[in-house]
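**Q** Quick one: this structure, given as structure tokens, is what I'll be asking you about.
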Amino acid sequence: IIPYILLHVIVLYFAKSAELTGVRAEPIVLPTPISSQELWQQLLQLHLLDNQVVLAVRQQYIAIGDQVSVELQEGDEVAVLPPLSGG
Numbered sequence: 002i003i004p005y006i007l008l009h010v011i012v013l014y015f016a017k018s019a020e021l022t023g024v025r026a027e028p029i030v031l032p033t034p035i036s037s038q039e040l041w042q043q044l045l046q047l048h049l050l051d052n053q054v055v056l057a058v059r060q061q062y063i064a065i066g067d068q069v070s071v072e073l074q075e076g077d078e079v080a081v082l083p084p085l086s087g088g
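Under my numbering, the first residue of the sequence shown is numbered 2, with each subsequent residue one higher.
Rendered as structure tokens:
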């Protein structure tokens with residue numbers, strides 16, 4: 002048996018994501034290592050969410066569908082935000 006470590010993160014929902022989930026924040030426990038994109042896949046299993054979002058982890062924005070991903074750390078807050086508009 003290979004032991005694995007559990008990771009605790011807080012997911013913060015904003016705008017339409019908060020409306021769709023019915024919550025503004027929820028704690029999530031995940032196996033490690035896990036990336037922001039893998040977390041997104043977990044969230045899709047828990048909630049009916051719109052793919053038109055951006056995740057923010059440690060002040061870094063990650064668009065869903067991008068190849069960029071961040072490995073999550075214990076205690077991270079992950080924000081699910083509406084897409085950012087340029088300007």
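For glycine and all other residues, C-beta sits at the position ideal for the given N, C-alpha and C. All values reported here derive from a predicted model rather than from experimental measurement.
Find out if the Cβ-Cβ distance for the pair Leu31, Leu13 is shorter than 7 Å.
**A** no
**Q** Within 10 Å of its beta-carbon, does Ala26 have 16 or more other beta-carbons around it, so buried, or fewer, so exposed?
**A** exposed
**Q** Between the alpha carbons of Ile65 and Glu78, how many angstroms are there, rounded?
**A** If you draw a straight line from the Cα of Ile65 to the Cα of Glu78, it comes to about 17 Å.
**Q** Quickly, what does DSSP pair Tyr62 with across the bridge? List them, please.
**A** The partner list for Tyr62 (beta bridge, DSSP) reads Ala57.
**Q** Please say whether Ile29 and Val54 have beta carbons closer to each other than 7 Å?
**A** no
**Q** Quick check on Glu39: does DSSP put it in helix, strand or coil?
**A** helix
**Q** So, is Val81 buried or exposed, given that buried needs 16 or more other C-beta atoms within 10 angstroms?
**A** buried
**Q** Taking the alpha helix (DSSP H) that Leu21 belongs to, which residues open and close that run?
**A** Run containing Leu21: Lys17 to Thr22, per the alpha helix (DSSP H) assignment.
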